[in-house]
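Data first, discussion second: the structure below is written as structure tokens.
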Amino acid sequence: MAEVEQPEERDPTPPGLRLVRDLINTLDVEEGTDALATTAGLAAFAHDHGLTGPVPAKQDLPDVIGLREGLRAVCLAHNTGARVPEETAAGLAALLRRAHLALVLDGEGAATLRPAGDLAGAAALTARVAAAVALAAADGTWPRLKVCEAPDCRWAYYDRSPAGRRRWCTMAVCGSRAKMRTYRARRSSTS
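Start counting the sequence shown at 2; every next residue gets the next number (our numbering).
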């Protein structure tokens with residue numbers, strides 16, 4: 002009997018939010034690896050996500066990492082309801098203020114936000130992220146981009162559950178671990 006080929010699971014993340022999700026996921030908390038630890042990693046990320054212009058430089062790394070961690074905090078707040086720390090929110094706001102955007106209308110009247118001018122490096126990436134977040138906020142998908150509640154994971158994912166209440170990136174791993182910890186804690190307190 003021939004093996005039935007299973008279709009690959011489709012990525013539920015709206016295309017505009019994939020850049021934001023991928024940026025957050027450049028840091029693998031569980032493995033302790035950071036794709037943005039070097040300028041080569043930043044250049045590879047920029048290339049993979051269609052950022053054109055001058056190659057991001059070493060001086061761009063702190064801003065890009067600040068952007069990533071600010072977005073991680075916001076997406077964790079989407080999940081847990083906790084407030085974004087004031088210092089993190091202020092740092093993210095400062096970075097986003099540099100994200101100059103332009104409203105572009107095409108021949109059919111469709112509107113799109115695009116980075117304005119000849120931005121490069123961290124400023125270009127920040128503008129692309131700002132445009133993606135603005136559009137996702139407008140269409141209601143932004144609050145569904147979340148960060149896993151597990152402190153040893155913090156992976157960004159798109160919550161496509163009907164109620165929008167998913168807490169972990171995957172129930173099979175992080176959700177099971179959390180439930181097992183809860184079970185063991187409850188069991189040890191009754192012993």
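Ideal Cβ placement from N, Cα and C applies to all residues, glycine included.
Problem set entry | Length of the line joining the Cα atoms of Gln60 and Trp143 | 29 Å
Exercise. From Asp64 to Ser189, what does the alpha carbon distance come to, in whole angstroms?
Worked result: 45 Å
Exercise. Can you list, in chain order, the residues of its chain whose CB lies under 7 Å from that of Ala125, leaving out five sequence neighbours each side?
Worked result: Leu52, Gly54, Pro116
For this session: Just grab the DSSP bridge partners of Ala157 for me.
Result: Val148
For this session: Leaving aside the five residues before and after Arg22 along the sequence, list all residues of the same chain whose C-beta is less than 8 Å from its C-beta, in chain order.
Result: Thr14, Leu146, Ala157, Tyr158, Tyr159
For this session: Flag this pair as touching only if the stretch 96-105 and the stretch 122-142 have three or more C-beta atom pairs under 8 Å; answer yes or no.
Result: yes
Exercise. When DSSP labels each residue in this structure, what does Ala100 get in the three-state scheme?
Worked result: coil
For this session: Use the C-beta contact count for Glu6: other C-beta atoms within 10 angstroms, 16 or more gives buried, fewer gives exposed.
Result: Its pLDDT being 41, under 50, Glu6 is placed unreliably by the model, and the measurement read from it follows with that caveat. So Glu6 ends up on the exposed side.
Exercise. From this set, Asp140, Arg166, Ala121, Ala133, which residue's C-alpha is nearest Pro57's C-alpha?
Worked result: Ala121
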